[in-house]
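*Asks:*
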Ligand code: FAD
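Numbering (our numbering), first residue to last: 38 to 484.
1) Any idea what DSSP makes of residue 227, helix, strand or coil?
2) Give me the residue from 159, 345, 66 and 469 with the minimum Cα distance to residue 361.
3) In the structure shown, what three-state DSSP assignment does residue 343 receive?
4) When the Cβ atoms of the stretch 56-63 are set against those of the stretch 73-82, are three or more pairs found closer than 8 Å?
5) Report all residues for which the CB-ligand distance to some heavy atom of ligand 1 is below 5 Å; order them along the chain.
6) Return the chain-ordered list of same chain residues with a C-beta closer than 6 Å to the C-beta of residue 447, the five sequence neighbours on each side being excluded.
7) From residue 547 to residue 390, what does the alpha carbon distance come to, in whole angstroms?
8) Can you tell me which of the three DSSP states residue 414 falls into?
9) Got a sec? Which residues, its chain only, sit under 7 Å from residue 215 by beta carbon, not counting five neighbours each side?
10) Check whether the Cβ atoms of residue 233 and residue 260 lie closer than 8 Å to each other.
11) Mind checking who residue 270 pairs with in its DSSP beta bridge?
12) Which residue or residues does DSSP assign as beta-bridge partners of residue 477?
13) Which same chain residues end up closer than 7 Å to residue 254 when comparing Cβ atoms and leaving out the 5 residues on each side of it in sequence?
14) Quick check on DSSP: helix, strand or coil for residue 246?
15) Determine whether the Cβ of residue 416 lies closer than 8 Å to any Cβ atom of chain B.
16) One question on the structure: do residue 269 and residue 311 come within less than 8 Å of each other, judged by their Cβ atoms?
17) Going by DSSP, name the residue or residues bridged to residue 304.
18) If I'm right that residue 211 touches residue 325 with Cβ under 8 Å, what's the distance once you round it to whole angstroms?
19) Please classify residue 203: does DSSP put it in a helix, a strand, or coil?
20) Please report the Cβ distance between residue 405 and residue 354, rounded to the nearest whole angstrom; I am assuming they are in contact, meaning their Cβ atoms lie under 8 Å.
21) Determine the direct distance from the alpha carbon of residue 206 to that of residue 256, and round the result to whole angstroms.
22) Helix, strand or coil for residue 404, going by three-state DSSP, please let me know.
23) Taking only runs that begin and end inside the stretch 137-225, name each unbroken alpha helix (DSSP H) of 4 or more residues, in chain order.
24) If residue 440 and residue 450 are in contact, beta carbons under 8 Å, what's the gap, nearest whole angstrom?
25) By how many angstroms is the C-alpha of residue 249 removed from the C-alpha of residue 413?
26) Can you name, in chain order, every residue of its own chain whose Cβ lies under 7 Å from the Cβ of residue 227, other than the five neighbours on each side?
27) Taking 8 Å as the threshold (C-beta atoms), are residue 419 and residue 385 in contact?
28) Name the residue from 221, 262 and 165 whose alpha carbon lies nearest to the alpha carbon of residue 241.
29) What three-state label does DSSP hand residue 79 in the structure shown?
30) Can you grab the Cα-Cα spacing for the pair residue 460 / residue 286, in whole Å?
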């Protein structure tokens, strides 16, 4: 079956451009349909200005409510804290109608459908990357015309489902059980594998947090499917329903797009701050599907005896608004001090290139780049950093990049908003002097 086009068609071509399956073309008198390609997804019907397109079976989609459109405005994803159950406002949820793919699928994975995102929470706080992935997942799900779902595991975490809907999910699969209070590979893996076998998603995205990476690899092993780690771009080939997971390869010299053609689900991990979260829509609601935990405490080999929190005052680089990063060109630890001096005046965090880390001038937690942290501050100072691709992939999405390098041909200038060519030991002290005149106690006081 396929859509039909009446003589009301004015050959504007809007439907041709909209059809994700290339099933429409401009004929001599009106648009025509390639019946074999049409999946009756109804996108053409929605855009046709003269209502010339219709479905042969008018009952399909009847009574379907349009899922509330989600704005695609990027937003800074803040971690969300779980509210105690007593505080959860009992909103009568108008469930978002699942935008199921219409048209019978005949491909070998026709029983697999939907894009899922792992909602990684610790102590009832959702990791920002999970919200960012709901934004990325929304894009994939819309292209495939399937629902976007979060899957959330933990104990007393039901209130977090609200945030999942606000950030783009249509559905949340929830497993709330004391056995899932703290992350453990065995318990989480068992429960996730169980719901995957039951609901058969076609794509699953995980944040590349320590939990996300661990879970993704355990689930991939159990489900005998592929996993692409640390992706920097995600897209989908709609016709073949293939996730296009791109990431730097061969030491960052090429971008590889990796496909998982023979198994499902297709899975990928993405680091924090690589994708953008959607602007949360407070009125958006969805469907919670509760499942039981498939493991019991007595069956587990590991026990969490205590959790020792990191008590260092380290500012999380991926949350910093201003970063002053230093490179090997600063010569030694004493030279690297220049970064701290500038950071102090600006109230900024300090980061570094890998070579500066390897020289022992700063702890490896502060390394920015492919094998370090990905950052997106408002202002990024790159001081005596050459701009190797492995560094650039970790900071190129900063809003303003100010490069200070004595080599006019250094690659860092290619990504810089402002380039200062010269000796950092002369330039940075001058910047500090000038900033001190206008910034007091972290506030701009005199411009
Ligand atoms: P250099 O390349 O030595 O550059 C120093 C720069 O300082 C030069 O451009 C020079 O012109 C300039 N300079 C010197 N003196 C002065 C001065 N007085 N004033 C101003 N400018 C001056 N690197 C990362 O940073 N992060 C990563 O996550 C990372 N991951 C990697 C992963 C792999 C698999 C590999 C192979 C490499 C990785 N690297 C990473 C290393 C990366 O390739 C570069 O070697 C590294 O970024 C270079 O560091 P740098 O720019 O500080 O040093």
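Cβ coordinates follow ideal geometry from the N, Cα and C atoms, glycine included.
*Replies:* Concretely, from the data shown:
1) DSSP, reduced to helix, strand and coil, places residue 227 within a helical segment of the structure shown.
2) Residue 361 has its Cα closest to that of 469, out of 159, 345, 66 and 469.
3) Coil.
4) Output reads yes: the stretch 73-82 touches the stretch 56-63.
5) A distance filter of 5 Å between CB atoms and the heavy atoms of ligand 1 selects the following residues in sequence order: 288, 364, 365, 366, 390, 391, 392, 406, 407, 408, 409, 421, 422, 423, 425, 427, 428, 442, 443, 444, 447, 460 and 461.
6) Same-chain partners within the cutoff: 423 and 424.
7) With the chain covering 38 to 484 only, the question about residue 547 has no answer from this structure.
8) Reduced to three states, the DSSP call for residue 414 is coil.
9) For residue 215, where only same-chain residues beyond five positions count, the Cβ hits under 7 Å are 192.
10) Closer than 8 Å, so yes.
11) Bridge pairing for residue 270: 283 [DSSP].
12) According to DSSP, which records beta bridges pairwise, residue 477 is partnered with 480.
13) Here the set comprises 264.
14) It is coil, neither helix nor strand.
15) Within the model displayed, chain B is absent; a lone protein chain is all it includes.
16) In this structure, residue 311 lies closer than 8 Å to residue 269 by Cβ.
17) Paired residues: 241 and 264.
18) In this structure, residue 211 and residue 325 form a Cβ contact; the two beta carbons are roughly 5 Å apart against a cut-off of 8 Å.
19) If DSSP states are grouped into helix, strand and coil, residue 203 belongs with the helices.
20) Yes, residue 405 and residue 354 are in contact; Cβ-Cβ is about 7 Å, under 8 Å.
21) For residue 256 and residue 206, the distance between alpha carbons rounds to 21 Å.
22) Reduced to three states, the DSSP call for residue 404 is strand.
23) Taking only runs of at least 4 residues, the alpha helix (DSSP H) segments lying wholly in the stretch 137-225 are 165-181 and 197-203.
24) Cβ-Cβ separation between residue 440 and residue 450: approximately 6 Å, consistent with a contact (criterion under 8 Å).
25) Spanning the two alpha carbons is a distance of roughly 21 Å.
26) Around residue 227: 331 and 332.
27) The criterion of a C-beta distance shorter than 8 Å is not satisfied by residue 385 and residue 419.
28) Shortest Cα-Cα distance from residue 241 to any of 221, 262 and 165 involves 262.
29) Look at residue 79 here: in three-state DSSP terms it is coil, with no helix or strand label.
30) Annotation: residue 460 to residue 286 spans about 33 Å, alpha carbon to alpha carbon.
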